[in-house]
Amino acid sequence: MTLASARHILVDSEAQCLELKKRIDDGEDFAALAKEFSNCPSGQDGGALGEFGPGMMVPEFDKVVFSAPLNEVQGPVQTQFGYHLLEVTSRQD
């Protein structure tokens, strides 16, 4: 089974998600922004979600995590929880 590790930032609006992505693209630290802004408890760990396989997250999340290049911030990705920035940190087949 393919396994991936990722981190994310979850916010309520697409606009906030885009603003945070710009800040990361401009050099700000993903983990620090996750701690400050993420609505998910994982924010306190810099957004780290640990290791998981296909089907363990919502479909919109899985689609990105199991296809995106490693270490590139993706998003906004909308799910029923809000808007996410995702970064796949590892993936093993």
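For the sequence shown, counting from 1, position 7 maps to 9 in this note's numbering; every step adds exactly one. Yeah, the Cβ is synthetic: ideal placement off N, Cα and C, and Gly gets one too.
Check: Tell me whether Ala70 is buried or exposed, calling it buried when 16 or more other Cβ atoms sit within 10 Å of its Cβ.; Outcome: buried
Check: Keeping to the same chain, check which residues put their C-beta closer than 8 Å to that of Gln46; ignore five residues upstream and five downstream.; Outcome: Lys37
Check: Give the DSSP-derived three-state secondary structure of Glu21 in the structure shown.; Outcome: helix
Check: I'd like the list of long-range same chain contacts for Ala50, defined as Cβ closer than 7 Å, with 5 residues on each side in sequence excluded.; Outcome: Arg9 and Ser44
Check: Taking only runs that begin and end inside the region 8-67, name each unbroken alpha helix (DSSP H) of 4 or more residues, in chain order.; Outcome: 16-27, 32-39 and 61-67
Check: Can you check which of these residues, Ile26, Val13 and Gly57, is closest to Phe39 by C-alpha distance?; Outcome: Val13
Check: Who are the near neighbours of Met3 in its chain, counting only those whose CB is closer than 6 Å to its CB and skipping five residues on each side?; Outcome: Gly55
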